[in-house]
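S.K.: Have a look at the structure that comes next, please.
In this note's numbering, the protein residues as written are 50 to 260.
Quick look at the structure:
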């Protein structure tokens, strides 16, 4: 009889442990499953319709500083709506073209006004994506000179990603992940506050922040 009770007790312990693990995983993943639910009593975020002010300001500085080196860049993309993101996602899948993104609508920093894409413009007006081009003839890659300036301005470069590197992509996540952004969190609207936040918050730059 004691053995039977011991077996039942052990079984209940195992079942309780399994339920506890399931509950923890559910708490971690529920925001991914139901991203529109607001479980943290946060206010609903206002819709994003343009580049964040700090990103816009640093983008303009990037254009100006690269011009001083004799490098002309073109900003080929900035804020992108969810619908535009979905259309881009279909490219190379259900639409003509090569696959250029693994991010659906709401899964890109572009959808939150926190990313830009760039290309080089040659002296004859061509727009190129040549990482070896040396238009200012200083013995250095123009592309990597742009990247170095962008990083000094606080941008993160998609070319540093191990998985599916995105060489034209520059972003500022301000320490926020895509999960944070989906939950409605946003960087401070004030550009000065935002740049200060970038200095002191730990920046999580990984493949979680998909372009």
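Don't be surprised by glycine CBs; every beta carbon is placed ideally from N, CA and C.
Computed from a prediction, not measured in an experiment: that's the story for all the values here.
Can you have a look at residue 189 and say buried or exposed, based on whether 16 or more other CB atoms are within 10 angstroms of its CB?
M.R.: Counting Cβ neighbours within 10 Å, residue 189 comes out exposed, since fewer than 16 surround it.
S.K.: Taking the beta carbon of residue 217 as the centre, do at least 16 other beta carbons fall within 10 Å, making it buried, or is it exposed?
M.R.: Counting Cβ neighbours within 10 Å, residue 217 comes out buried, since at least 16 surround it.
S.K.: Which of the three DSSP states, helix, strand or coil, is assigned to residue 40?
M.R.: Coverage of the chain is limited to positions 50 through 260, which leaves residue 40 absent and any answer about it impossible.
S.K.: Name the two residues that bound the continuous alpha helix (DSSP H) containing residue 105.
M.R.: Where residue 105 is concerned, the enclosing alpha helix (DSSP H) stretches over 102–117.
S.K.: Which ranges would you report for the alpha helix (DSSP H) in the region 182–213 if only whole runs of at least 4 residues count?
M.R.: If we require 4 residues or more, the alpha helix (DSSP H) runs fully inside the region 182–213 come out as 191–201.
S.K.: Taking the C-alpha atoms as reference points, what is the distance between residue 213 and residue 147?
M.R.: Rounded to whole angstroms, residue 213 to residue 147 spans 13 Å at the Cα level.
S.K.: What does the Cβ neighbour count give for residue 141, buried or exposed, with the cut at 16 atoms within 10 Å?
M.R.: The residue is exposed, with fewer than 16 neighbouring Cβ atoms inside 10 Å.
S.K.: Determine the extent of the alpha helix (DSSP H) in which residue 229 is found, giving its start and end residues.
M.R.: Start and end: 227–231.
S.K.: Between which two residues does the alpha helix (DSSP H) holding residue 131 run?
M.R.: Here the alpha helix (DSSP H) through residue 131 covers 131–139.
S.K.: With distances taken from CA atoms, which of 173, 208 and 102 is nearest residue 238?
M.R.: Of the candidates 173, 208 and 102, the one whose C-alpha sits nearest the C-alpha of residue 238 is 102.
S.K.: In this structure, does DSSP put residue 218 in helix, strand or coil?
M.R.: Looking at residue 218 - three-state DSSP - the assignment turns out to be strand.
S.K.: Alpha carbon to alpha carbon, what distance is there between residue 138 and residue 179?
M.R.: Computed Cα separation, rounded: 23 Å.
S.K.: In three-state terms, what does DSSP make of residue 120?
M.R.: The answer is coil: DSSP assigns residue 120 none of H, G, I, E or B.
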